[in-house]
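*Asks:*
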C-alpha cells in the first residue's frame, strides 16, 4: 500500500490516497459537519449501508489542532475521508469527516484541494448536503435545492427539493457552498441539498433532516438504501459527534478567551 | 475563450482574463463595497449606463468563504469584476464586486494583484470611490478629494471636490485607499473621491451620495451618463446588496462568537 | 560549531542543530507548557537530574513575539530546546521550552517540523506528558494513558496509567496530542501521559502531578531519577514560569482588546 | 535612482533601498510606535537634529491596510523608514515609522527582514528604544537597560540605565524586543533602552520620557543633539501621531466588532 500525495509545496493541506482506484463516471457526495450535522449523518449512513470503501484521507493545518481519542484509548489526528462505491451504471465518491476549516482562508484551500482531487478522479457531478436553521418544526422538513448552473434545475426538479430562489437560502457557507461554486470553473455539475433543521444548539444530530436529505439523494442518484436503521445509527453517531463538537467548541472558546496556549491540555 | 491566470504561486488571489483586450491609455475606476456602498453603486451604474463589457474576474481566499444564491436558485462564488469601455479619446476599466478582503493581509495581497494587473493593462490613472460617515445630512453631500501626488490637485481641482487636507479624512482603509497609495510606486496617478453619507447602519445603499460621486466622476473623466435612472437602479441593487451584506455580517459574527465551523450552514 | 537548519523555504519554523550527534534507538520525551505545566516540569527535572545535554533549538514565528529577560538583564527570544541523554540500552531526546504555538496553524507547522526532525534522528517512540483539569483533588493524581496504536496498550499497561478510553480525555490539544497523532504516519509509537491537576488558574506549576508523571515515565522508560529534589526544583521553576506566563497572557489579552500594536512595549 | 528589493519570494515584507550607501561600522538605532511613543519621538528628533538622510523604506502586508492623508490632501501607504548619519568615528542608521506589525507572525517576519538588512549593511550594534507603563510619575523617568549578551553590561553601565534584572521588565514585545533577541544569532550586539512613562491612554507622546531616552542614547553613542527644541518638536509630532493612532485603533476595533469589510471606508 503506497501513499500518494496530492498537492504542491504551497499547500499544506494534503490528500493521501491509500488505494489507487479507477472510477466510472463518478458523482461525489459530500456531507461534512454543519448545522444539525445533516450532511454528515446522511453521508455516513450511506457509507455504512452501501459498505463503501475508504480510499483516501485529507489532512489540513486549518483543522482544529487536536487528536481524537476513541473508546480503546487510541488517538488519531483530525481528518476527512473519501470512500468509493461502484454500481452498475456509474460510481460514487463519498466525502465526510471530523471537521471543516477553522478559518476562511482554510475553507478556500481545503475545498480547492478537494475540487482538484475530484477533477483528477473524473468526477462530473458534486452533490453537497447541508442544513439551515428553520424555525418552523414541520413534520416533513423543508428541502431547498441550489445548483451551480441554471440548466441543472430541470434535471433535479422532480426529486423533492424546492428551487425557490434566494428567499430562504441566499448564501451557503463552507464546503457545502464552496464546492459547488468552485465546481463550476471545472465544468463539474453542482447541487446543494439544504435541509431545514432546528439545528444547533438544540439538536446536534437531526435524524429526521438526514432522512429527508437521503430521500432526495436517492431520487437524484438512483442509489437505494434501507432507511430502517437510521434512528439506531444516528443514536450511535450522536454520542461521538457530541463529544468531539463540545470539545472543539471548548477549545475554540479557550483560544478566544485569552487563555493562551499554555492553558491547553498539553 | 481561453483563461489566463495573472499571479504567481505565492499568491492565491487570481485574476482570470476571459477576453484579451488592448486598451488605449486607460483610466481604472474602482467602486467596491464600503460605507453606504457609494463607490459600488456609482461604478455599477456607470457600467450599466455605458454598457461596459466584462473582461476579467478576481477570486481570492481572503474573501468570505460563501457562495451567493440568485433568484433562480443558481449559486456562484464571491468575486470582483473588471469591465472595459472604449471612448474616442481614451479607454476605461471599471472594477466592482461582492466583497473586499476579510483580513488586513488579504487587503495588501488583493490590491497588490489589482495594481499589478492595472499596470500590465497600461493604466496610468486610478480613481477610487468611497464613502465616509458624515453626521451632517446635507442636501448636497460633501465630496472630499485625496490624491497620491501633490501635482494632481491642480488637474482635479475644479471638479467639485474639496481638497481640504486631513481634517475630515486622515486615513482611507481598504481598496479605496491602498490602490491609490500603491499606484504611486508604479507611477500611476491616483485619486480617491470620498463622499459623505450617513452610511452604515442607517443607509446600506445611499443613492444621493452615489449621485454626488458620479457628478464629480463625470467632470474628472469627461464621461457622460444619464442620471435619470439612478434611483430606480439603486432600488434594485439595494435589495441584493442588503441580502449579501446581512449574511456576510452574520457569518463573520458567527465565526467570532465561537460558534465553530461545525455550526456553519454546511 | 556549525549550525544546521532543518526545514525548507515554505516553513518559517526552524530547528537549529548545534551538535550533530548520533543516537541509538532513541525515545523522544516531550514536556511543553500546558495545564499545571505538568510535562514542562517533569521533563525539565529529568534533564537536570540526568544532566542531559542540549543539541538543538527550535524557533518559530508562531510563538508569541517577545523576548524574555533574565535576572542579569540579558534577553533572548522564545524557543524550544532538544536535549539528549545516552544510556546503556538506548538513548533519549528530551524536548521542552518556553511556549507552544499561538495559532492553530502554527501547532500543525511546529509539530510537523518536530516529528520530521524526530524521524531524521531515528526516533521510534514518542512520549508526551500533559495535564488535564481534574476537579477531584486526590492524594494521588489520576494518570490517563493514550496511545496512537492499539497494540501499544499491552506494552504500557503495567506502568501506572489508566487506559480507560475516552470518558475522561476525548481530545488532546497541541503538541501533547498532535505529536503522537502525527507520529503514526511515520510508524513511530506514541504515548501520551496525561495527569489530573487542579491546573490553571489555581496552580501554575503542580509538583505533585509532575511527580506522578515522572513515576509513570520511569516505569515506561527504565530511566531512574532521584525524586528528592523535585519540590525544591519546582519552586525555582515556578517563579520563572509564572512571570513568563503572566506576561504572555497579558500580551495576548492586549492584542485582543483592540489595543493595537502601538500600545506594545516597543 | 534605482529601486533595490531586499527579500525573497517567501516574504511579502519588502525593503526598498533608494540610495545605495556604504557605512562605516554602523550602529542601528530603532524607535517605532509603542507605549508613550518614547522611541518614535526620540529617534525622530535625532533624525531632525542630525539632518540624517533617508536611504530605504520598508513596506509590509502585516501593517494596517490604510493610507495616511497629509495636510495637503496627499496620501501614502504605511511604512517604516531607514535614515543614515555619518560621523567621524562611525556611522549610524536610524529606523522609525508609522506602525509595527498587526499580527504576531508579522512581527517575526518584519523584524527578521530588518535584522537581515542590518547585517547586510554591516551593522554590529542595535539599540532599540521603548517605553513601559510606570505608575509612579517621577520627576526623572526610570530608564531600564536590557542587553542580548551579558558582556555588554559593562560597556553600557555608566550611561544612566538601571540593569536591574527582570523585576520591572521581564519580557519586551515587538520590534524593541525581537530585534535585539534576533541580533544575537547574527553576532550583533543588542541594547534596549526602556523608559518609564504613564503612556497610553493618558499620554500619547511623552516628551519627558523621550528626553530621558535621548540623554542615555547620547552617552551610549557619543552623539550630541541640542535638546532645546524637543518640546516644540513633540508638540508637532503629537498631532500627527494622535490622528494616525486613533484611526488605526478605530480600524482594528471595527474589524473586531464584526463590522465586516463592507463597512470600511472604501
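Protein chains in written order, with this note's numbering: chain A, 122 to 387; chain B, 122 to 387; chain C, 122 to 387; chain D, 122 to 387. In this text, a Cβ means the ideal position worked out from N, Cα and C, and glycines have one as well. Fair warning: this is a prediction, and the values are worked out from it, not measured in the lab.
So the alpha helix (DSSP H) residue 341 of chain B belongs to, where does it begin and stop?
*Replies:* Position 220 of the second chain, counted from the first residue, corresponds to residue 341 of chain B. Per DSSP, residue 341 of chain B belongs to the alpha helix (DSSP H) from 328 to 342.
*Asks:* How many Å lie between residue 143 of chain B and residue 150 of chain B at the Cα?
*Replies:* Here residue 143 of chain B corresponds to residue number 22 of the second chain, with the count starting at 1. Here residue 150 of chain B corresponds to residue number 29 of the second chain, with the count starting at 1. Cα to Cα, the separation comes out at about 17 Å.
*Asks:* Would you say residue 197 of chain B lies against chain A (beta-carbon separation less than 9 Å)?
*Replies:* Translated into the one-based positions of the second chain, residue 197 of chain B becomes position 76. For residue 197 of chain B, the answer is yes, since a Cβ of chain A falls inside 9 Å of its Cβ.
*Asks:* Could you tell me if residue 210 of chain A is buried or exposed, where buried requires 16 or more neighbouring beta carbons within 10 angstroms of its beta carbon?
*Replies:* Numbered from its first residue, the first chain carries residue 210 of chain A at position 89. Exposed, since its Cβ has fewer than 16 Cβ neighbours within 10 Å.
*Asks:* Pick from B:234, B:317, B:281 and B:169: whose alpha carbon is nearest that of residue 135 of chain B?
*Replies:* Counting from 1 along the second chain, the entry for residue 135 of chain B is found at position 14. For the residues B:234, B:317, B:281 and B:169, the minimum Cα distance to residue 135 of chain B belongs to B:234.
*Asks:* Determine, for residue 225 of chain D, whether the minimum Cβ-Cβ distance to residues of chain C falls below 9 Å.
*Replies:* In the fourth chain, residue 225 of chain D corresponds to position 104, counting from 1. Output row for residue 225 of chain D: interface = yes.
*Asks:* Which residues in chain B sit within 9 Å of residue 299 of chain A, going by Cβ to Cβ distance?
*Replies:* Locating residue 299 of chain A in the first chain gives position 178, counting from the first residue. Within chain B, the residues near residue 299 of chain A are 186, 187, 188, 198 and 387.
*Asks:* Using the Cα positions of residue 162 of chain D and residue 262 of chain D, report the straight-line distance between them to the nearest angstrom.
*Replies:* In the fourth chain, the residue the question calls residue 162 of chain D occupies position 41. In the fourth chain, the residue the question calls residue 262 of chain D occupies position 141. Roughly 15 Å separates the two Cα atoms.
*Asks:* State the Cα-Cα distance for the pair residue 196 of chain A and residue 223 of chain A, rounded to the nearest angstrom.
*Replies:* Here residue 196 of chain A is taken as the residue at index 75 of the first chain, counted from 1. Here residue 223 of chain A is taken as the residue at index 102 of the first chain, counted from 1. Going from the Cα of residue 196 of chain A to the Cα of residue 223 of chain A covers about 21 Å.
*Asks:* Ignore the nearest five residues each way along the sequence and tell me which others in residue 178 of chain B's own chain have a CB closer than 8 Å to its CB.
*Replies:* Translated into the one-based positions of the second chain, residue 178 of chain B becomes position 57. Around residue 178 of chain B: 136, 137, 139, 200, 201, 202 and 203.
*Asks:* Counting only Cβ pairs nearer than 9 Å, list the residues of chain C close to residue 229 of chain A.
*Replies:* The residue given as residue 229 of chain A occupies position 108 in the first chain. Within chain C, no residue comes near residue 229 of chain A; the closest Cβ sits about 14 Å away, beyond 9 Å.
*Asks:* Going by CA-CA distance only, name the one from B:180, B:193 and B:175 that's closest to residue 266 of chain A.
*Replies:* Residue mapping note: residue 266 of chain A aligns to position 145 of the first chain, counting from 1. Ranking B:180, B:193 and B:175 by Cα distance to residue 266 of chain A puts B:193 first.
*Asks:* Which of the three DSSP states, helix, strand or coil, is assigned to residue 284 of chain B?
*Replies:* Locating residue 284 of chain B in the second chain gives position 163, counting from the first residue. Coil.
*Asks:* Kindly give me the distance between the Cβ atoms of residue 298 of chain B and residue 188 of chain D, rounded to whole angstroms, as I take these residues to be in contact under 8 Å.
*Replies:* Reading the second chain from its first residue, position 177 is the one you call residue 298 of chain B. Reading the fourth chain from its first residue, position 67 is the one you call residue 188 of chain D. Going by Cβ atoms, the distance from residue 298 of chain B to residue 188 of chain D rounds to 4 Å, so yes, they are a contact pair.
*Asks:* Considering only residues of the same chain and omitting the five flanking positions on each side of residue 248 of chain C, which have a CB-CB separation below 6 Å?
*Replies:* For the purposes of this step, residue 248 of chain C is taken as residue 127 along the third chain, with counting starting at 1. Result list for residue 248 of chain C: 150 and 312, in chain order.
*Asks:* For the candidate residues A:350, A:308, A:281 and A:300, whose alpha-carbon lies nearest to that of residue 334 of chain A?
*Replies:* Within the first chain, numbered from 1, the residue matching residue 334 of chain A stands at position 213. Checked all of A:350, A:308, A:281 and A:300; the closest Cα to residue 334 of chain A is A:281.
*Asks:* Mind listing which residues of the region 258 to 276 of chain D have their C-beta closer than 9 Å to chain C's C-betas, in chain order?
*Replies:* Answer in chain order: 265, 266, 267, 268, 269, 270, 271, 273 and 274.
*Asks:* Is there a Cβ from chain A that is less than 9 Å from the Cβ of residue 234 of chain C?
*Replies:* Within the third chain, residue 234 of chain C is the residue found at index 113, counting from 1. Output row for residue 234 of chain C: interface = no.
*Asks:* List, from N- to C-terminal side, the beta strand (DSSP E) runs of 3 residues or more that fit wholly inside the region 215 to 284 of chain A.
*Replies:* Correct list: 246 to 254 and 264 to 268.
*Asks:* For the beta strand (DSSP E) containing residue 310 of chain A, list its first residue and its last residue.
*Replies:* By one-based count along the first chain, residue 310 of chain A stands at place 189. Here the beta strand (DSSP E) through residue 310 of chain A covers 310 to 318.
*Asks:* In the region 277 to 295 of chain B, which residues sit with their C-beta less than 8 Å from some C-beta in chain D, listed in chain order?
*Replies:* Within the region 277 to 295 of chain B, the residues whose Cβ lies closer than 8 Å to some Cβ of chain D are 284, 285, 286, 287, 290, 291, 292, 293, 294 and 295, listed in chain order.
*Asks:* Do you know how far the Cα of residue 215 of chain C is from the Cα of residue 242 of chain C?
*Replies:* Here residue 242 of chain C is taken as the residue at index 121 of the third chain, counted from 1. Here residue 215 of chain C is taken as the residue at index 94 of the third chain, counted from 1. So the alpha carbons of these two residues sit roughly 12 Å apart.
*Asks:* According to DSSP, is residue 355 of chain A helix, strand or coil?
*Replies:* The residue given as residue 355 of chain A occupies position 234 in the first chain. Helix.
*Asks:* If you measure from the beta carbon of residue 193 of chain C to each beta carbon in chain D, is any gap under 9 Å?
*Replies:* Here the question's residue 193 of chain C lines up with position 72 in the third chain. Taking Cβ atoms only, chain D reaches closer than 9 Å to residue 193 of chain C, which makes this a yes.
*Asks:* Going by Cα to Cα distance, which pick from B:341, B:349, B:240 and B:208 is closest to residue 332 of chain B?
*Replies:* To locate residue 332 of chain B, count along the second chain from 1; it is residue 211. Closest option to residue 332 of chain B, Cα to Cα, is B:349.
*Asks:* Quick check: what's the CA-CA separation for residue 152 of chain B versus residue 186 of chain D?
*Replies:* Indexing the second chain from 1 puts residue 152 of chain B at position 31. Indexing the fourth chain from 1 puts residue 186 of chain D at position 65. Rounded to whole angstroms, residue 152 of chain B to residue 186 of chain D spans 17 Å at the Cα level.
*Asks:* Find the nearest neighbour of residue 360 of chain A within the set A:325, A:306, A:246 and A:289, judged by alpha-carbon distance.
*Replies:* The residue given as residue 360 of chain A occupies position 239 in the first chain. Nearest C-alpha to residue 360 of chain A: A:325.
*Asks:* Are the Cβ atoms of residue 302 of chain D and residue 252 of chain D separated by less than 9 Å?
*Replies:* For the purposes of this step, residue 302 of chain D is taken as the residue at position 181 of the fourth chain. For the purposes of this step, residue 252 of chain D is taken as the residue at position 131 of the fourth chain. No; because the gap between Cβ atoms is not below 9 Å, this pair is not in contact.
*Asks:* For residue 169 of chain D, does the three-state DSSP call read helix, strand or coil?
*Replies:* Within the fourth chain, numbered from 1, the residue matching residue 169 of chain D stands at position 48. In this structure, residue 169 of chain D counts as helix in the three-state DSSP scheme.
*Asks:* Please tell me whether residue 303 of chain A has its Cβ less than 9 Å away from any Cβ of chain B.
*Replies:* Position 182 of the first chain, counted from the start, is the residue given in the question as residue 303 of chain A. Yes, contact with chain B.
*Asks:* Helix, strand or coil for residue 299 of chain B? Go by DSSP, reduced to three states.
*Replies:* Taking the second chain and counting its residues from 1, the one referred to as residue 299 of chain B is at position 178. Residue 299 of chain B falls in the helix class under three-state DSSP.
*Asks:* Less than 7 Å between C-beta atoms, sequence neighbours within five positions excluded: which residues of the same chain meet that for residue 227 of chain C?
*Replies:* Reading the third chain from its first residue, position 106 is the one you call residue 227 of chain C. Contacts found: 181 and 183.
*Asks:* Buried or exposed: which applies to residue 133 of chain C, given that a residue is buried once 16 or more other Cβ atoms fall within 10 Å of its Cβ?
*Replies:* Here residue 133 of chain C is taken as the residue at index 12 of the third chain, counted from 1. Residue 133 of chain C comes out buried.
*Asks:* Spatial neighbours of residue 125 of chain B within its chain, please: C-beta separation below 8 Å, excluding the five flanking residues on both sides.
*Replies:* Your numbering for residue 125 of chain B matches position 4 in the second chain. Note that residue 125 of chain B has pLDDT 43, beneath the 50 cutoff, so the model's placement of it is unreliable and no number is given.
*Asks:* With distance defined between alpha-carbon atoms, name the residue in C:269, C:190, C:206 and C:275 nearest to residue 390 of chain C.
*Replies:* This structure leaves residue 390 of chain C out entirely; chain C is present only between 122 and 387.
*Asks:* Out of curiosity, what's the CA-to-CA distance linking residue 306 of chain B and residue 250 of chain A?
*Replies:* Taking the first residue of the second chain as position 1, residue 306 of chain B is located at position 185. Taking the first residue of the first chain as position 1, residue 250 of chain A is located at position 129. One C-alpha to the other measures close to 47 Å.
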